[in-house]
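Report on one structure; see the data block that follows.
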Amino acid sequence: SQQGEEDPQALSIQEGENATMNCSYKTSINNLQWYRQNSGRGLVHLILIRSNEREKHSGRLRVTLDTSKKSSSLLITASRAADTASYFCATDEGDDKIIFGKGTRLHILP
Amino acid sequence: DGGITQSPKYLFRKEGQNVTLSCEQNLNHDAMYWYRQDPGQGLRLIYYSQIVNDFQKGDIAEGYSVSREKKESFPLTVTSAQKNPTAFYLCASKKSGALRGGDGYTFGSGTRLTVV
Chain A
264 SQQGEEDPQA
274 LSIQEGENAT
284 MNCSYKTSIN
294 NLQWYRQNSG
304 RGLVHLILIR
314 SNEREKHSGR
324 LRVTLDTSKK
334 SSSLLITASR
344 AADTASYFCA
354 TDEGDDKIIF
364 GKGTRLHILP
Chain B
97 DGGITQSPKY
107 LFRKEGQNVT
117 LSCEQNLNHD
127 AMYWYRQDPG
137 QGLRLIYYSQ
147 IVNDFQKGDI
157 AEGYSVSREK
167 KESFPLTVTS
177 AQKNPTAFYL
187 CASKKSGALR
197 GGDGYTFGSG
207 TRLTVV
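So the protein sequences, as listed, match chains A and B. In this text, residue positions in the first sequence follow this note's numbering: the first is 264, and each later residue adds one. In this text, residue positions in the second sequence follow this note's numbering: the first is 97, and each later residue adds one.
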């Protein structure tokens, strides 16, 4: 089963610009997480937002959650070349496993 | 430094052969997971284990088997029954209460399996 779905599938922006990725999901969740994956590597946990939270910040990352629309967004401000990666949302329905979306491929242009 | 180690990084399997992928963690995490990732796709859950000597099937368990004899280790065997095993396999672990505490999963670097 695939719970989250990221949008867009791919995104190219100039270095220094902000990047926004969206995630939609289908059922009620306990929390939603965002992960980054560099090419050919494992995933790295970026941020977790609980179902009773609406916004969360971590460095250049800002995550929002709208449970009424079943959607979340990840904003990366002042993008850098090192931000080039795939970004995945993952939802936790409370059964001790998380379900990943298909990801957004972000490419930062020099 | 604590972490998850997956080995080997690359693995080649002949038709009809069983192969075992290793996953070891020294984080003292209780739960461990195996995911499969196909090109341009998200991660699909194969098996997971929340405690030693116990594990559950994920969404795509057919053709795979696991064991959890030690807390630190969660090997995945890709059997000959798995008809399309070429993929990138990722192991992850999580400490109890991690999600309530705001932490996520810790992932290994993956094993790329190719059928030759």
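Don't be surprised by glycine CBs; every beta carbon is placed ideally from N, CA and C.
Are the C-beta of Asp-359 (chain A) and some C-beta of chain B separated by less than 8 Å?
Interface criterion met: the Cβ of Asp-359 (chain A) is under 8 Å from a Cβ in chain B.
When you compare the CB of Arg-304 (chain A) with every CB in chain B, is at least one pair closer than 8 Å?
yes
Given 8 Å as the limit, is there contact between the segment 275-288 of chain A and the segment 324-337 of chain A, that is, 3 or more CB pairs closer than that?
yes
Excluding the 5 residues flanking Ile-156 (chain B) on each side, which residues of the same chain have their C-beta closer than 6 Å to its C-beta?
For Ile-156 (chain B), where only same-chain residues beyond five positions count, the Cβ hits under 6 Å are Arg-140, Ile-142.
Any idea which residues DSSP pairs Glu-120 (chain B) with across the strands?
B:Thr-101, B:Ser-169
When the cut-off is 8 Å and only beta carbons count, does His-320 (chain A) lie next to chain B?
Not one chain B Cβ lies under 8 Å of His-320 (chain A).
Option in B:Gly-136, B:Pro-171, B:Asn-122 with minimal Cα separation from Asn-149 (chain B):
B:Pro-171
DSSP-derived helix/strand/coil call for Ala-127 (chain B):
If DSSP states are grouped into helix, strand and coil, Ala-127 (chain B) belongs with the strands.
Helix, strand or coil at Asp-355 (chain A) [DSSP, three-state]
strand
Report all residues from its chain with a CB closer than 6 Å to the CB of Gly-106 (chain B); omit the five preceding and five following residues, and keep chain order.
The sequence given here places Tyr at residue 106 (chain B); Gly does not occur at that position. Once the five neighbours on either side are set aside, the close Cβ partners of Tyr-106 (chain B) are Arg-208.
When we look at the beta-carbon of Asp-355 (chain A) and count the other beta-carbons within 10 Å, is it buried (16 or more) or exposed?
Buried, by the Cβ-count rule.
Give the DSSP bridge partners of Ser-287 (chain A), in chain order.
A:Glu-268, A:Ser-334
Based on the DSSP secondary-structure assignment, which residues constitute the bridge partners of Ser-145 (chain B)?
B:Met-128
Starting from the N-terminal side, write out each stretch of the beta strand (DSSP E) that is 3 residues or longer and does not extend beyond the segment 295-337 of chain A.
306-313, 318-321, 324-329
8 Å is my cut-off, CB to CB: does Phe-170 (chain B) come that close to chain D?
Protein chains A and B are contained in the structure displayed, whereas chain D is not.
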